Every structure is written in C-alpha cells, then in structure tokens.
Amino acid sequence: MFKELIRLMYWIKFFSTTGYLNHAYTITEIGAGNSNRIQKILKLLSFRGSYTSVDCSDVRPSSLTNVRFSTNIVKKDYFQYRGQSDLLIFDHSFDDLLAAMLSDGDQNYSELMNNIRLFDYQDPQFVNKINKIFTTAKTLITPNARIIISNYLTKYDRLRKTTNITRQLLPQLSQIADSHNLQTDYFSNRFLVLKKVR
404 MFKELIRLMY WIKFFSTTGY LNHAYTITEI GAGNSNRIQK ILKLLSFRGS YTSVDCSDVR
464 PSSLTNVRFS TNIVKKDYFQ YRGQSDLLIF DHSFDDLLAA MLSDGDQNYS ELMNNIRLFD
524 YQDPQFVNKI NKIFTTAKTL ITPNARIIIS NYLTKYDRLR KTTNITRQLL PQLSQIADSH
584 NLQTDYFSNR FLVLKKVR
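Each step along the sequence shown adds one to the number in the working numbering, with nothing skipped, and position 65 is 468.
Structure below.
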C-alpha cells in the first residue's frame with residue numbers, strides 16, 4: 404500500500420512538473436494488467452479525455468467512480484493493436500514486453516519476469532526486440548504525441564540480481580530511440596519521454 408502511494412506521488416509530480424497531461428485528450432496505456440494506477444492519477448488530476456488500456460490478458464474494468472474521462476479496455480496483443488493517442492504510456496511494462504519476447508511461450512508471470520536476467524543491450528538480436536516495440540509505438544501516436552516510459556527498481560530486481568540491468572533500461576532506450584527519429588523530451592531515473600522528430 405505504501406509503495407503504491409509512493410508510485411502515485413511520482414506520477415503526480417511528473418505530470419505536474421511536465422504539463423504533458425495538459426495537452427492530451429487521448430491516452431493509451433500498454434500492459435497495465437489489473438493495475439489502475441494511471442487511471443487513479445487521471446482522476447486525481449481531473450483528466451477529461453479518453454483513456455484506453457491495451458493488454459493481451461483479461462483485464463477487469465476499473466472500479467473507480469466519478470471519473471471525468473471515458474475508459475476503453477482492449478484485449479489485444481500490443482503488436483496487433485491499431486489506434487492513435489496523444490500519450491502512449493508504458494508504466495513499468497516496457498520490460499514486461501521485452502521479457503515476453505524472450506519467453507518460450509509457456510511461462511507464468513513470475514517466470515516471465517526472470518527473463519529480465521537475459522537482457523543484453525549489446526546483443527543485436529535483443530536490440531531488434533526493442534526496435535520492434537519502438538516501430539509499433541510510432542504507429543500508435545499522433546504527430547505531436549509523447550511516448551512515456553516509466554521504469555524503476557523493485558524488490559524483485561534485488562532478488563533476481565537484475566538491478567544493473569533495470570537501471571540501464573531507460574538510458575539504453577533513450578539511445579536506441581534516436582535511430583527511430585524519436586527524440587528524448589524528458590529523462591529522469593524513473594521516466595523517459597520520447598517525441599517524434601519532425
């Protein structure tokens with residue numbers, strides 16, 4: 404509960420200082436699962452547009468009430484989804500996508516996340532998996548949109564001994580994004596924001 408509150412506070416501070424939410428009407432979140440963290444933030448910050456959650460697993464609709472935005476739940480693989488938004492959000496799900504791409508297809512979530520140990524930013528085949536995610540991401544955003552990637556250390560990184568791999572993720576993504584004409588618009592130890600280069 405306390406950790407979730409801290410994570411909410413980071414998002415509130417992020418949106419308050421960057422103003423990205425002020426220029427967005429449509430938001431798509433990738434791989435939220437049953438987390439409604441982003442929806443809680445949108446409610447707290449009085450977002451009035453449209454929110455879409457895209458996940459390949461069954462996702463329960465949020466139980467939040469008195470929200471001022473419309474909510475769409477789409478059960479679809481990220482690479483099969485078609486739609487555009489002003490903000491494309493990966494809230495600690497970019498690593499999930501990569502871990503899934505390294506899966507043998509028959510792993511539960513815990514086993515899947517163990518695949519983070521296999522991340523190798525120097526391996527061209529692994530970088531190609533990142534390239535595939537970025538190539539799809541570019542098709543899912545409007546011309547002036549932003550891609551927001553949030554990632555941070557968890558207790559599981561310490562247990563799996565993947566702290567260094569996780570710390571490297573956002574800096575590596577920032578470098579690789581450049582080859583996709585995606586420019587870093589904001590960078591911190593918790594958030595990476597990319598925009599299309601005109």
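Just so it is clear, CB atoms sit at the ideal spot from N, CA and C, and this is done for glycine as well.
Quantities reported herein were computed from a predicted structural model and do not represent experimental measurements.
From the DSSP output, which residues share a beta bridge with residue i?
| i | result |
| --- | --- |
| residue 586 | 598 |
| residue 490 | 430, 549 |
| residue 453 | 429, 473 |
| residue 560 | Partner(s): none; residue 560 has no beta bridge. |
| residue 478 | 458 |
| residue 544 | 488 |
Quick one, which of the options has its alpha-carbon nearest residue i's?
| i | options | result |
| --- | --- | --- |
| residue 438 | 410, 429, 421 | 410 |
| residue 489 | 468, 560, 543 | 543 |
| residue 416 | 547, 593, 475, 600 | 593 |
| residue 560 | 525, 436, 521, 582 | 521 |
| residue 515 | 498, 524, 530 | 498 |
| residue 446 | 541, 472, 460, 406 | 472 |
| residue 440 | 550, 407, 531 | 407 |
| residue 549 | 468, 467, 557, 487 | 487 |
| residue 450 | 425, 464, 597 | 425 |
| residue 547 | 495, 482, 597 | 597 |
| residue 483 | 555, 540, 509 | 540 |
| residue 448 | 435, 418, 524, 463 | 418 |
| residue 505 | 584, 585, 530 | 530 |
| residue 565 | 461, 454, 502 | 502 |
Contact defined as beta carbons within less than 8 Å: I believe residue i pairs with residue j. What is the distance between those atoms, to the nearest angstrom?
| i | j | result |
| --- | --- | --- |
| residue 385 | residue 457 | Outside the displayed span of the chain (404 to 601) sits residue 385, for which this structure offers no information. |
| residue 433 | residue 492 | 7 Å |
| residue 568 | residue 536 | About 16 Å separates the two Cβ atoms, so there is no contact after all. |
| residue 474 | residue 466 | Contact flag wrong, Cβ pair sits at about 11 Å. |
Can you name, in chain order, every residue of its own chain whose Cβ lies under 7 Å from the Cβ of residue i, other than the five neighbours on each side?
| i | result |
| --- | --- |
| residue 517 | 563 |
| residue 577 | 587, 590, 595 |
| residue 452 | 427, 428, 429, 430, 472 |
Starting from the C-beta of residue i, find all residues in its chain whose C-beta is less than 6 Å away, skip the five residues before and the five after it, and write them out in chain order.
| i | result |
| --- | --- |
| residue 579 | 533 |
| residue 545 | 487, 489 |
| residue 585 | 597 |
To which residues of the same chain is residue i closer than 8 Å at the C-beta, ignoring the five residues directly before and after it?
| i | result |
| --- | --- |
| residue 582 | 534 |
| residue 462 | 435, 436, 437, 456, 476, 478 |
Closer than 9 Å, CB to CB, is residue i near chain D or not?
| i | result |
| --- | --- |
| residue 435 | Although the question refers to chain D, the structure presented lacks it and comprises just one protein chain. |
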